[in-house]
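Down below is the structure, laid out as structure tokens.
Pasting the structure below:
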């Protein structure tokens, strides 16, 4: 074992051998959300797993036979591109491979630091060695995002209710000052 071997890395036990493995994540943007109806998400994630298996085999890194599906996220760049256009939200999929003969400091893993191009999914695949700290930070970010979404939904619901009330008043008296506002200074 190396000095990097600690409880901070995710190390599930290989059921076949009883030895610890090293969990690693591979993530790719599979398609944009506007074209999601054209794709089978499970099939695309399986294709990502096949690309990962091929790349790890090419590098000679042993893995457990099963590469599992991880998170599915929809993300969007919040800054416009160089032309000032907002980017379309993308569907990202993560698969988890369990390395049987590599440690975090293994030089073979440095070849994955920049990721690789997945032939089947036709996009760049990113590589990450997760830790318990990075997982905790991701869970906190997910909680924060869920709370922001809850607040946004509550605000939208209240605005929708106020608009419905205003619309109902407009039906009863379209010239009411609550409907069209204060018009006393309109004809000065």
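Numbering (my numbering), first residue to last: 985 to 1172. Each residue gets a CB set at the ideal place from its N, CA and C atoms; glycine is no exception.
Exposed or buried, which one is residue 1023 when buried takes at least 16 other CB atoms within 10 Å? Position 39 of the chain shown, counting from 1, holds the residue named residue 1023. Residue 1023 comes out exposed.
Can you confirm whether the stretch 1118–1129 touches the stretch 1031–1041 when touching is taken to mean that 3 or more C-beta pairs between the two stretches lie within less than 8 Å? Here the stretch 1031–1041 makes no contact with the stretch 1118–1129; the two share fewer than three CB pairs at distances below 8 Å.
Identify the residues that DSSP records as bridge partners of residue 1036: which are they? For the purposes of this step, residue 1036 is taken as the residue at position 52 of the chain shown. DSSP lists no beta-bridge partner residue for residue 1036.
Do the stretch 994–1004 and the stretch 1058–1073 make contact, defined as three or more Cβ pairs closer than 8 Å? Cβ pair count under 8 Å is below three, so no.
Where residue 1131 and residue 1089 are concerned, what is the direct C-alpha to C-alpha distance, given to the nearest angstrom? What you label residue 1131 is simply residue 147 of the chain shown in a count that begins at 1. What you label residue 1089 is simply residue 105 of the chain shown in a count that begins at 1. When rounded, the distance between both Cα atoms is 37 Å.
Keeping to the same chain, check which residues put their C-beta closer than 7 Å to that of residue 986; ignore five residues upstream and five downstream. If you number the chain shown from 1, residue 986 lands on position 2. Caution applies to residue 986, whose pLDDT of 44 falls short of 50 and renders its modelled position unreliable; the model cannot decide the point.
Kindly identify the DSSP beta-bridge partner or partners of residue 1021. Sequence index remark: in the chain shown, residue 1021 carries index 37 (1-based). Residue pairing by DSSP places residue 1021 in no beta bridge whatsoever.
For the beta strand (DSSP E) that residue 1057 lies in, which residues bound it at each end? Here residue 1057 is taken as the residue at index 73 of the chain shown, counted from 1. Segment 1052–1059, the beta strand (DSSP E) holding residue 1057.
When DSSP builds the beta bridges, which residues end up paired with residue 1011? As a first step, residue 1011 is located in the chain shown; it is residue number 27 there, counting from the start. Bridge pairing for residue 1011: 1078 and 1110 [DSSP].
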